[in-house]
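**Q** Before I ask anything, here is the structure I am working with.
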Amino acid sequence: MEVKHKFIKKYEEGIMPWAHKKPDFNLVQMVHSRPIGICKTFEPGCGTGTDAIWLAAQGFSVLATDASEIAIDLAREQAKKQNSNCRFEVSDFMHDKIEGGPFGFVFDRGFFHTFDKLSDRKEFARRVSNVLLSDGLWLSLIGSADDFPRKKGEGPPQHPLRNVVKVTEPYFEILSIKASRFGSEAAEPAKNWVCLMKKR
Ligand SMILES: C[S@@+](CC[C@H](N)C(=O)[O-])C[C@H]1O[C@@H](n2cnc3c(N)ncnc32)[C@H](O)[C@@H]1O
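Listed below in structure tokens is the structure:
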């Protein structure tokens, strides 16, 4: 089953453990501490939209997309409540053309990491590179294999760093990688890699 169909089904069943009410602190810290200037920004696999709405509130001009109509409906509802100008669209990042680019910044939280197959992760990195301006930045939050082992399907995927570097390095200069945890309301959020990259 294609990754997107797995997620579409999860939203239909109301199962979305990745959803979070506050913006992920890893994103917040990066935006506050790095020179990610206010720019046109794209978040693929945005889910229910918390991080995209936060970015828009900081002044970024944000397009956020997801393959799930339910996720995008929930995100639009939140945007309306918060009077946000964040733009949400249903779109398949792995197949559809992304309108509105090129972007200065791409953010993904737990989307790149959903792909087990090396060829999919490579295609994902290529697609991110394609929608970015030259020197554009990609911040990706990726489940880490340095967490305690979990059964497949329980919690976020767990990638060794080589799974990230192997597919991203051809397209991106890696500016920083930090071992952290996802920002979430969970009692013990899963470990992750916070990876900031610049388009080559
Ligand atoms: C683990 S969730 C993370 C959602 C959100 N970034 C968050 O942190 O709450 C992965 C998201 O990727 C979306 N997704 C999966 N395949 C997709 C595709 N081909 N195109 C766009 N979105 C996709 C899913 O619907 C899901 O919302």
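Position one of the sequence shown corresponds to residue 1 (the working numbering), numbered consecutively onward.
Where is the CB? At the ideal position from N, CA and C, for every residue including glycine.
Looking at the structure shown, is Phe25 part of a helix, part of a strand, or coil, going by DSSP?
**A** Of the three classes helix, strand and coil, the one that applies to Phe25 here is helix, per DSSP.
**Q** Beta carbon of Ala125: closer than 7 Å to some heavy atom of ligand 1?
**A** Because no heavy atom of ligand 1 lies under 7 Å away, the Cβ of Ala125 does not count as near it: no.
**Q** Taking the alpha-carbon of Pro189 as reference, which of Phe148, Leu118, Ala57 has the nearest alpha-carbon?
**A** When each option's Cα is compared against that of Pro189, the closest is Phe148.
**Q** Report yes if the CB atom of Gly183 is closer than 8 Å to the CB atom of Phe7, and no otherwise.
**A** Their beta carbons are not under 8 Å apart, which means Gly183 does not touch Phe7 by this criterion.
**Q** Please state whether DSSP places Met197 in a helix, a strand or coil.
**A** Of the three classes helix, strand and coil, the one that applies to Met197 here is strand, per DSSP.
**Q** Less than 7 Å separating the Cβ of His32 from some heavy atom of ligand 1?
**A** No, ligand 1 has no heavy atom inside 7 Å of this Cβ.
**Q** Name the one or two DSSP bridge partners that Phe115 has.
**A** Paired residue(s): none; Phe115 is not in a bridge.
**Q** Give me the residue from Asn130, Asp135, Lys117, His113 with the minimum Cα distance to Lys97.
**A** Residue Asn130 is the option with its Cα nearest to Lys97.
**Q** Where are the alpha helix (DSSP H) runs, 4 residues long or more, that stay fully inside the segment 142-179, in chain order?
**A** Runs found: 161-168.
**Q** Buried or exposed for Ile36, going by 16 or more other Cβ atoms inside 10 Å?
**A** Under this definition Ile36 is a buried residue.
**Q** Can you tell me the Cβ-Cβ gap for Trp54 and Pro17, rounded? I've got them flagged as a contact below 8 Å.
**A** The pair is not a contact, with the Cβ atoms about 20 Å apart (cut-off 8 Å).
**Q** Measuring CA to CA, which of His32, Leu27, Leu139 is closest to Ile174?
**A** The shortest Cα separation from Ile174 among His32, Leu27, Leu139 belongs to Leu139.
**Q** Just checking Asp116 against ligand 1 - is the residue's beta carbon closer than 7 Å to any of the ligand's heavy atoms?
**A** No, Cβ of Asp116 sits at least 7 Å from all heavy atoms of ligand 1.
**Q** Between the Cα of Arg121 and those of His159, Lys10, Lys198, spot the shortest distance and give me the residue it belongs to.
**A** Comparing Cα positions, the closest option is His159.
**Q** Taking the beta carbon of Asn192 as the centre, do at least 16 other beta carbons fall within 10 Å, making it buried, or is it exposed?
**A** Asn192 should be labelled buried.
**Q** Would the segment 79-87 count as touching the segment 44-64 if we require 3 or more Cβ pairs under 8 Å?
**A** Touching, yes, given that three or more Cβ pairs across the two stretches are closer than 8 Å.
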